[in-house]
Amino acid sequence: NIPAVIEAPALIYRRINPEVDGPLCFTNYRDAAIATYGPDTQAAHPRRYLPWLRSRVEEFPDGHVLAFLGLECVGQLELQIPYGATAGYVNLFYVTHGFRGQGFGRRLHDYSETYFRSWEAQRIELDVSSTNDRAMGFYRHLGYRFQQGGMLPLVRMIKKLK
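Set out below in structure tokens:
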């Protein structure tokens, strides 16, 4: 017999503490930056990233979280929505390698939608590498659509919230 409902283990979302979580967050960010810009990217440098992360966590604390399954980090979200804005922006959507392809990306996305809805956002925007077919397919599957424009190698994608 197959159960009617299969319970998924709970993910624990914890605000990023840049002083404690900085090395892990930078590792995740660097992996994402390399996937976007290639291995020689200048974007992935801790002297740039960590001060930026501190300022973002101060401004959008609940939008900057690490997701854990037990003691293992499943992923990281860096979300922002300036006060009064109608669009939330995803700075980083990262699923740790060992957890990809298992539904954790959808669960992280559910968190991001809940976060943006709590700020009454009407849409979510993000940029994705034009060469990252897997990520673009994932976002399309979640209801994102391409927007004209954008700066190569990035493509802007938007999802309207109902």
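The opening position of the sequence shown corresponds to residue -3 in the working numbering, with each subsequent residue numbered one higher.
Glycine included, each C-beta is placed from N, C-alpha and C at the ideal position.
Simplified DSSP assignment, three categories, for D123
Here residue 123 refers to the residue found at position 127 when the sequence shown is read from its first residue. It is a strand residue.
When the Cα of G18 is compared with those of L138, R44, R103, which residue comes out closest?
Stepping through the sequence shown from its first residue, residue 18 is reached at position 22. Minimum Cα distance to G18 is reached at R44.
Do you know offhand how far L49's Cα is from Y9's?
Residue 49 sits at position 53 when you count from the first residue of the sequence shown. Residue 9 sits at position 13 when you count from the first residue of the sequence shown. Their backbone Cα atoms lie some 17 Å apart in a straight line.
Could you tell me the boundaries of the alpha helix (DSSP H) in which L104 lies?
Within the sequence shown, numbered from 1, the residue matching residue 104 stands at position 108. Start and end: 100 to 114.
R96, DSSP secondary structure in three states
Taking the sequence shown and counting its residues from 1, the one referred to as residue 96 is at position 100. Three-state DSSP puts R96 in coil, outside helix and strand.
What are the boundary residues of the alpha helix (DSSP H) that includes Y135?
Numbered from 1 along the sequence shown, position 139 holds the residue referred to as residue 135. Y135 -> alpha helix (DSSP H) spans 129 to 137.
Report yes if the CB atom of A28 is closer than 8 Å to the CB atom of L65, and no otherwise.
Your numbering for residue 28 matches position 32 in the sequence shown. Your numbering for residue 65 matches position 69 in the sequence shown. Contact: no.
Return the chain-ordered ranges of every beta strand (DSSP E) run that is complete within the stretch 17 to 89 and spans a minimum of 3 residues.
60 to 65, 68 to 76
Bounding residues of the beta strand (DSSP E) (the contiguous stretch that carries Y9)
Looking up residue 9 in the sequence shown gives position 13. Note, Y9: beta strand (DSSP E), 8 to 11.
With a threshold of 8 Å on Cβ separation, who are the neighbours of F112 within its own chain once the five nearest residues in sequence on each side are excluded?
Residue numbering aside, residue 112 sits at position 116 when the sequence shown is read from its first letter. If we look at F112 and ignore the five residues flanking it on each side, its Cβ neighbours are L75, I77, G84, I120, L157.
For P5, which residues of its own chain have a beta-carbon under 7 Å away from its beta-carbon, when the five flanking residues on both sides are left out?
For the purposes of this step, residue 5 is taken as the residue at position 9 of the sequence shown. Around P5: L65.
Would a C-beta distance cut-off of 8 Å place L62 and S108 closer than the cut-off?
Here the question's residue 62 lines up with position 66 in the sequence shown. Here the question's residue 108 lines up with position 112 in the sequence shown. No, they are not a contact pair.
For V151, is the classification buried or exposed, using 16 other Cβ atoms within 10 angstroms of its Cβ as the cut-off for buried?
Taking the sequence shown and counting its residues from 1, one reaches residue 151 at position 155. Per the 10 Å Cβ criterion, buried.
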